[in-house]
Each structure stands twice: as structure tokens, then as C-alpha cells.
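J.: In this note's numbering, each residue carries its 1-based index in the sequence shown increased by 9. Built from N, CA and C at the ideal position, the CB exists for glycine as well. Because the structure is a prediction, the values reported are computed rather than measured. Structure in C-alpha cells, see below.
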Amino acid sequence: MRQHSIAAIPADGIGKEVIAAGLQVLAELERRCGDFRLAVTEFPWGSDFYRQTGRMMPADGLDTLRGFDAIYFGAVGDPGLPDDLTLWGLRLAICQGFDQYANVRPVRLLPGIAGPLRNARPEDVDFVIVRENSEGEYSGNGGRTHRGQPEEVATETSIFTRTGVRRIMEFAFRLAMTRTRRQVSVVTKSNAQRHGMVLWDEIAAEVAAAFPEVAVDKVLVDAMTTRMVLKPESLDVVVATNLHADILSDLGAALAGSLGIAPTANIDPSRRYPSMFEPIHGSAFDIAGKGIANPLATFWTGAMMLEHLGEAPAAARLMRAIEQVTGGNFPLTPDLGGTSTTQEITAAVCSAIRREA
Ligand code: ATP
Ligand code: MG
Numbered sequence: 010m011r012q013h014s015i016a017a018i019p020a021d022g023i024g025k026e027v028i029a030a031g032l033q034v035l036a037e038l039e040r041r042c043g044d045f046r047l048a049v050t051e052f053p054w055g056s057d058f059y060r061q062t063g064r065m066m067p068a069d070g071l072d073t074l075r076g077f078d079a080i081y082f083g084a085v086g087d088p089g090l091p092d093d094l095t096l097w098g099l100r101l102a103i104c105q106g107f108d109q110y111a112n113v114r115p116v117r118l119l120p121g122i123a124g125p126l127r128n129a130r131p132e133d134v135d136f137v138i139v140r141e142n143s144e145g146e147y148s149g150n151g152g153r154t155h156r157g158q159p160e161e162v163a164t165e166t167s168i169f170t171r172t173g174v175r176r177i178m179e180f181a182f183r184l185a186m187t188r189t190r191r192q193v194s195v196v197t198k199s200n201a202q203r204h205g206m207v208l209w210d211e212i213a214a215e216v217a218a219a220f221p222e223v224a225v226d227k228v229l230v231d232a233m234t235t236r237m238v239l240k241p242e243s244l245d246v247v248v249a250t251n252l253h254a255d256i257l258s259d260l261g262a263a264l265a266g267s268l269g270i271a272p273t274a275n276i277d278p279s280r281r282y283p284s285m286f287e288p289i290h291g292s293a294f295d296i297a298g299k300g301i302a303n304p305l306a307t308f309w310t311g312a313m314m315l316e317h318l319g320e321a322p323a324a325a326r327l328m329r330a331i332e333q334v335t336g337g338n339f340p341l342t343p344d345l346g347g348t349s350t351t352q353e354i355t356a357a358v359c360s361a362i363r364r365e366a
């Protein structure tokens, strides 16, 4: 029997509720498929852990995680603690420590979900955003002179390396090769940002030459926002910088109907380290503890994790179960206009998995 070790880190707020639900669904799949086993270890790291120990995770946290096959992550952030501390102390420490440079964000309108686009059919909204997750605009370079003075100047320097751009571009093209459309849209702003973005354009052209089966188009980031709204059916794989893809993927999550549906994967394509799978949403303290968080994003990212672990049939079975629940007449959670609780959706997805047998 194939065995995969999973480190589960629910962390903060609704992260705890959705990871608990996700683990129930994965356990159901494991029982029904019967040909793999998930050995799950839960780690109580996050903001509560910080309050007890002064750290978001133990000093040797990365060493502990290194041996796992994947990380199933909830959400981090606490209204009583600075974002910098909670984010860098846990989530970004893992992303950077394990060189998870490819952030993958599928955007798909699931059956039965009424997104904000009038007349959009599920087949019209089905693309994936690949976000460069290790450099670019979020490198933390820059500074301020004459703090508080009228002559104050702040600089924010993006770092784009040939290696960094090339590896994310190659990842996007390889991903396109696994999809039916085989198209990559390269997002830049090279008409206004004339160094890093021009490097992106050049490397896109080099990599495109190595993938003749993949159609390529170049899109400026401002034009991409309108295209996502007006012509989503023209998109397949969208590759963009850390900042651009950050913004585009929030728009993508909105197009798919709710933040509560949108999944993401932080991948180390070299597979030297575990990759990390999480819902896009945050800890959402406004609804934490109420039992109404939408667990669908966490289920979907669980399917991405299974796929990454080589369990494609189980991943497909989970996606079909999710689609049966959204596409049936079952009431969904309040963020989607329904009245169901997290537990009710979890039970519905589990029984859809059983029915599939
Ligand atoms: P962050 O600071 O990481 O952005 P946050 O606590 O601000 O996190 P978000 O996750 O950004 O919260 O979510 C914004 C709002 O969307 C939440 O306050 C919540 O009402 C809603 N929301 C987010 N995720 C879910 C979910 N899974 N189910 C239901 N509602 C959600
Ligand atoms: Mg937020």
C-alpha cells in the first residue's frame, strides 16, 4: 500500500475548522479508495502557540517538517498580533525555507455556483494562475531616507533573477502541457517597467521556443484584469510576478464565487522539500468559532495535494464529490448564500465520495 506522510498545520481562526473538515474528507477517501494511506501528524503551531512560547513554530520547525511528503495548511493571522510576525513566523518561513517558488491558483467556476459574471458557464471560467513566489516585488529591498521630513524618499526595489524567472516560466509551460488548451499567457508591465519586466518578456520568448506545442500570448497586467472579467474563456495558464499574480488571484477568487472556494498550492517543483497546500483565504476571525466557514477551498486544495502525491484517481474522485455537492440542490455555507454549516458540507462531500464507489 502506498503511504504518504502529511504534516497538518491548522494554525489560526477558521484554519482550525477547515483543516479538521479537510482531514475528515481525506480519511473518507482513504477508506473508500483503499490503495493508499495518509499518515497525518498535526502540529499546533500558530498564534496560540506564539502566546505560549514566544514563537509561531519551534526553532527547529522546518527540520521537523522536512521529512514529510506534503504540508496541509489552514490559515494564519490573529487580530491581536502584527501580520508581519504571524505571516513571517510561520507561513512565509515555510514557503521560503522549502523554496516553494511556484504558487498555483486554479480559478474555476464550479457547477451550481453563481459567480459575479452574468451568463458565465462553468466551462467559461477554467484557468490557473501561476504566481512567482520567491522574489520580485516582495523581496523586501529598499529603504527610506529623511524619515518624516518633507524631502523623504522611499524606494521599493524588485529583484528579478534570470534563474528565478526562468524556473517559474518553465513551470508554467510544463503545466500547460498537461492541460487540453496548452496556452500560456505571460503577464508583465514591460511598457512601463523597463528592466525586470523586459527580462520576463525575454525569458518568456526563450522558454516558449522550447515548447513549440504551447501557444503563448503576452498580456499587460492592466489588460489582464479586464480580460479575466470579459473573456475568461480565452485563458488557460496565466503566469505572473509575485505582486501581479497576488492581485490577479484575488480577482480570480472573486470570479469563482467566494474566497471560501479558492485553493492554492505552494510547490517546490524540484521535490527536494515538501510542498504546501492551503486555502487562499485567511483566518477570518469575524466568523471563527461559529462553525460556518466554507471548507470547500480546503477540500479542493486537498485534491491538489493528492494529485501532487501521485494519487490522481483519488484527487479526481474528491473533485467529483465537491462538484456533486455544489451542483446538487444541497444548501451551501452562508458565504455562498446558503444556510449549511461546515460540518453539514463535510458530511455531504463524504457521502458523495461514498456514493461514487
Ligand atoms: P487575511 O488577513 O489573511 O487576508 P482575513 O482574516 O482578513 O485574512 P480573509 O480570509 O481575507 O480574512 O477573508 C475576508 C472575509 O471573507 C472574512 O472576513 C470572511 O468573512 C470571508 N471568508 C473568508 N474565507 C471564508 C470561508 N472559508 N468561509 C466563509 N467566509 C469566508
Ligand atoms: Mg483579508
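Which of the three DSSP states, helix, strand or coil, is assigned to P272?
T.: By 1-based counting over the sequence shown, the position of residue 272 is 263. In the structure shown, P272 sits in a strand (DSSP, three-state: E or B).
J.: With a CB to CB cut of under 6 angstroms and the five nearest residues on each side skipped, what residues in its chain are close to V230?
T.: For the purposes of this step, residue 230 is identified with residue 221 of the sequence shown, where counting begins at 1. Correct list, in chain order: V196, K198, H253.
J.: Less than 7 angstroms separating the Cβ of L268 from some heavy atom of ligand 4?
T.: Summarising the ligand content, the structure contains ligand 1 and ligand 2 and does not contain ligand 4.
J.: Taking C-alpha atoms, which residue in Q202, P343, I289 lies nearest to L268?
T.: Working through the sequence shown from its first residue, we reach residue 268 at position 259. When each option's Cα is compared against that of L268, the closest is I289.
J.: In the DSSP assignment, the alpha helix (DSSP H) including N251 goes from what residue to what residue?
T.: Residue mapping note: residue 251 aligns to position 242 of the sequence shown, counting from 1. Element bounds for N251: 251-264.
J.: Return the chain-ordered ranges of every beta strand (DSSP E) run that is complete within the stretch 274-335 and spans a minimum of 3 residues.
T.: 284-288, all fully within the stretch 274-335.
J.: Along the chain, which unbroken stretches of the beta strand (DSSP E) at least 3 residues long are found entirely within the stretch 60-93?
T.: Entirely contained in the stretch 60-93, the beta strand (DSSP E) runs reaching 3 residues are, in chain order, 79-84.
J.: Looking at the secondary structure, which residues open and close the alpha helix (DSSP H) in which A48 lies?
T.: Stepping through the sequence shown from its first residue, residue 48 is reached at position 39. Looking at the DSSP string, A48 is not in any alpha helix (DSSP H); the run it does join, the beta strand (DSSP E), is 45-51.
J.: For ligand 1, is there any heavy atom lying closer than 7 angstroms to the beta carbon of I80?
T.: Here residue 80 is taken as the residue at index 71 of the sequence shown, counted from 1. No, the Cβ of I80 stays beyond 7 angstroms of every heavy atom of ligand 1.
J.: Would you call the stretch 20-37 in contact with the stretch 74-90, where contact means no fewer than 3 C-beta pairs closer than 8 angstroms?
T.: In short, these stretches touch, since the Cβ pair count reaches three.
J.: For a test of the three-state rule: what should DSSP assign to D226, helix, strand or coil?
T.: Here residue 226 refers to the residue found at position 217 of the sequence shown. If DSSP states are grouped into helix, strand and coil, D226 belongs with the strands.
J.: What residue does the beta strand (DSSP E) around S360 start on, and which one ends it?
T.: Numbered from 1 along the sequence shown, position 351 holds the residue referred to as residue 360. Segment 351-364 is the alpha helix (DSSP H) holding S360; no beta strand (DSSP E) there.
J.: Write down every uninterrupted run of the beta strand (DSSP E) in the stretch 95-150 whose length is 3 residues or greater and which is fully enclosed by it, in chain order.
T.: If we require 3 residues or more, the beta strand (DSSP E) runs fully inside the stretch 95-150 come out as 111-117, 135-141.
J.: By alpha-carbon positions, which one of R176, R75, L184, P340 ends up nearest to A356?
T.: For the purposes of this step, residue 356 is taken as residue 347 along the sequence shown, with counting starting at 1. Closest by alpha carbon: P340.
J.: Could you check if G55 is buried or exposed, using at least 16 other CB atoms within 10 Å of its CB as the buried criterion?
T.: The residue labelled residue 55 in the question sits at position 46 within the sequence shown. With 16 or more other Cβ atoms within 10 Å, it is buried.
J.: Could you have a look at L347 and say whether DSSP puts it in helix, strand or coil?
T.: For the purposes of this step, residue 347 is taken as residue 338 along the sequence shown, with counting starting at 1. Before going further, note that residue 347 is Gly rather than Leu in the sequence given. Reduced to three states, the DSSP call for G347 is coil.
J.: Taking the Cβ atom as the reference point for each residue, do A297 and T351 lie within a distance shorter than 8 angstroms?
T.: As a position in the sequence shown, residue 297 is number 288, starting the count at 1. As a position in the sequence shown, residue 351 is number 342, starting the count at 1. In this structure, T351 does not lie closer than 8 angstroms to A297 by Cβ.
J.: Output the distance between the C-alpha atoms of K227 and M233, rounded to the nearest integer angstrom.
T.: The residue given as residue 227 occupies position 218 in the sequence shown. The residue given as residue 233 occupies position 224 in the sequence shown. Spanning the two alpha carbons is a distance of roughly 10 angstroms.
J.: Considering only the beta carbon of each residue, do R191 and A224 sit closer than 8 angstroms?
T.: In the sequence shown, counting from the first residue as 1, residue 191 sits at position 182. In the sequence shown, counting from the first residue as 1, residue 224 sits at position 215. Yes, the Cβ-Cβ distance between R191 and A224 is below 8 angstroms.
J.: In whole angstroms, give me the CA-to-CA distance for N150 and S143.
T.: To locate residue 150, count along the sequence shown from 1; it is residue 141. To locate residue 143, count along the sequence shown from 1; it is residue 134. Roughly 13 angstroms separates the two Cα atoms.
J.: Among A111, M65, L74, which has the Cα closest to the Cα of L99?
T.: Here the question's residue 99 lines up with position 90 in the sequence shown. When only C-alpha atoms are compared, the closest one is M65.
J.: Would you tell me roughly how many angstroms separate the C-alpha atoms of F136 and E165, rounded to the nearest one?
T.: The residue you call residue 136 lines up with position 127 of the sequence shown. The residue you call residue 165 lines up with position 156 of the sequence shown. Looking at the two C-alpha atoms, the distance is approximately 31 angstroms.
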